[in-house]
Amino acid sequence: MLSGGNSRREAVTAMVNAGQRELVAELERLDRGARFGRSGWERPGGGGGQARLLENGDVFERAGVNCSAVHGDRLPEAVARQHGLDPGSAFFATGLSVVIHPRNPYVPAFHASFRYFESGDTWWFGGGADLTPCYGFAADAAHFHRALKTYCDTFDPAFHAQAKRACDEYFTLPHRDETRGVGGIFFDHLHPEGPDGWHRAAAFAAAGIATIAPAYLPIVRRRKDLHHGDRERQWQLYRRGRYVEFNLVHDRGTRFGLQTGGYVEAILMALPPLARWEFELTPEPGSPEAALAEFLVPRDWAGEEAHPETRVAG
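Sequential numbering of the sequence shown, starting at 10, is according to the numbering used here.
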């Protein structure tokens, strides 16, 4: 997957691969014996990756944990324009991407990615995680955001507020005037100054990968066995339609993967296996479905008081 003996590239690729192995094992244990398939791929221009996919489990309807390490002699023009780089520059990029669409409508969908980019003397890390519920539970949102704040505080006490705001701004559907979910954190172009800057950034990305399980899996365990029926299932499929809209219209990671000749099946693995759209659907006032709107606006979940185990307005 790598050209040459670049120790930085080797280190960050090893970090990504280890994160994939550990997350796959965690998710398989939680899903009562379901197993991830394995699909390796090679990029014609250089590099490749491994897509791991679990489908039709008892807990996860679809869970993808993908890693890649790609390189090339020329940057895609759109990528070069976005970052102010010479299109003729060689590049290297690696990352881990996790997208989970649970079976139970009361379990929120989850996304996380941590990545590294390098072109000449230019390098940076990026990453983030966000939570997308169909039904809003204040306790879940608070737990998730507090776990991410604890992680961010290890790097810089001011970092969480910046990363949360960036997430709220990025994971939004402007044509719907709502956020995709309850947010999380998002950062890009992380390049700390100083002789230890690269190592600080790499350690922070590794800690982010390690935070995925404690931030998300306790929520899954709490909600996965809640009783639900066709009403909740249809609402889940409808809300998944919003997830699809964001990924296909606004997501920069999707565009980067397609522009760099990535494996299309792995890129689009982030989409849910089933979704639906309905013309001008309006939830019944006072219903749990209508209450979700209270969650689809930026909110300081990490700073709020402890929340009871009930839905807001539901």
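Glycine included, each C-beta is placed from N, C-alpha and C at the ideal position.
As the structure is a prediction and not an experimental result, all values here were calculated from the model.
Go ahead and pull the three-state DSSP assignment for residue i.
i	result
N75	strand
Q102	The identity of residue 102 in the sequence shown is Ala, whereas the question assumes Gln. Here A102 sits in strand by DSSP.
T220	helix
F255	helix
V88	helix
R18	helix
G266	helix
V321	With a pLDDT of 46 at V321, under the threshold of 50, the modelled position of that residue is not reliable, and the figure given next carries that caveat. Of the three classes helix, strand and coil, the one that applies to V321 here is coil, per DSSP.
G28	helix
H152	helix
G57	strand
E164	Looking at the sequence shown, residue 164 is not Glu but Phe. Residue state, collapsed to three classes: coil.
L283	coil
F288	coil
G295	coil
L199	strand
G81	strand
G312	coil
K173	helix
D205	coil
D234	coil
D40	coil
V306	coil
P227	helix
Y272	coil
D239	helix
Please look up how many angstroms separate the CB atoms of residue i and residue j, rounded, as I've assumed it's under 8 Å.
i	j	result
R47	R61	6 Å
G66	A275	Going by Cβ atoms, the distance from G66 to A275 rounds to 19 Å, so no, they are not a contact pair.
L32	V74	5 Å
G93	L301	With 8 Å as the limit, G93 and L301 do not qualify as a contact, their Cβ atoms being about 39 Å apart.
F153	G136	Not confirmed; about 15 Å, so no contact.
N113	H237	6 Å
V72	L63	Checking the sequence, you will find Ala at residue 72 rather than Val. The Cβ separation is near 4 Å, so the contact holds.
A121	P111	In fact, because the Cβ distance is near 15 Å, the residues do not count as touching under 8 Å.
T141	V306	Their Cβ separation, rounded to whole angstroms, is 14 Å, which puts T141 and V306 out of contact at 8 Å.
Answer yes or no: does any C-beta atom of chain B fall closer than 8 Å to that of residue i?
i	result
R242	The structure shown contains no chain B; it is built from a single protein chain.
Could you tell me which residues DSSP pairs with residue i in its beta bridges?
i	result
A138	A121 and I194
I109	A72 and F119
T188	T181
L62	G46 and G73
T131	S128
E51	G57
Legend entry - Cβ contact (3+ pairs, closer than 8 Å) linking the stretch 98–105 and the stretch 281–296: no
Inset, instruction - Report yes or no: do three or more beta-carbon pairs, one from the stretch 161–175 and one from the stretch 188–197, lie closer than 8 Å? - result: yes
Inset, instruction - Kindly confirm or deny that the stretch 127–142 and the stretch 87–101 touch, where touching means at least three C-beta pairs closer than 8 Å. - result: yes
Legend entry - the stretch 219–236 / the stretch 253–262 touching (three or more Cβ pairs under 8 Å): no
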